[in-house]
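Using this note's numbering, you'd call the opening residue of the sequence shown number 733 and step up by one each time.
Each residue gets a CB set at the ideal place from its N, CA and C atoms; glycine is no exception.
None of the values given here were measured: they were computed from a predicted structure.
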Amino acid sequence: MSDSPERSAQAGSGHSPEVPPKRKGVSRLIAAAGYSFAGLRAAFASEEAFRMEVVVLVLFTPVAFLLGETGVERALLIGVLVLLMIIELLNTAVEAVVDRIGSDYHELSKQAKDIGSAAVFLGMVLVALVWGLILL
């Protein structure tokens, strides 16, 4: 899995890589897209919750097109599922940073992970609310 040059040092390797010059223009956009896809692959490979949300999105997108009566309803039904995936990605990033800092228990580490989990929970509540209000 590729990673951004700025983040390519292995954890615990004891040295920092030389950072290449920043890209500009179209090559910067292409590189950024590559980093984004690397992040999606990493989340899919390491997070069961993200994999389940991908399955839900794949299964429920056709349902949204069938049951949503307007374009706005369809956009809301699909949009909240994508929003939940975004929240999960951010939660996964927070967890990775906390885990990178150390494995020792610290109240702030617990708080960061709990807050990320709460964000995912609220995203799930929002999904249920939007789907329930539109379809019931």
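Asked	Found
Any idea if L868 is buried or exposed, counting beta-carbon neighbours within 10 angstroms, 16 or more meaning buried?	exposed
When we look at the beta-carbon of T802 and count the other beta-carbons within 10 Å, is it buried (16 or more) or exposed?	exposed
Determine the burial state of Q742: buried for a count of at least 16 other Cβ atoms within 10 Å of its Cβ, exposed for fewer.	Here Q742 scores only 48 on pLDDT, less than 50, and its place in the model is too uncertain to base an answer on.
Determine the burial state of F797: buried for a count of at least 16 other Cβ atoms within 10 Å of its Cβ, exposed for fewer.	exposed
Buried or exposed: V859, going by 16 or more other Cβ atoms within 10 Å of its Cβ?	buried
From F792 to V786, what distance separates their C-alpha atoms?	10 Å
With three or more C-beta pairs closer than 8 Å as the rule, is the stretch 767–782 touching the stretch 817–825?	yes
Reducing DSSP to helix, strand and coil, say where D836 ends up.	coil
Would you call the CB atoms of A763 and R755 closer than 7 Å?	yes
Tell me whether V812 is buried or exposed, calling it buried when 16 or more other Cβ atoms sit within 10 Å of its Cβ.	buried
By a C-beta neighbour count over all protein chains shown, 10 Å radius and 16 as the cutoff for buried, is L809 buried or exposed?	buried
State yes or no: is the C-beta of I819 within less than 7 Å of the C-beta of G771?	no
Under 8 Å Cβ to Cβ from L789, same chain only, skipping five residues before and after it: list those, please.	I810, L813, V814, M817
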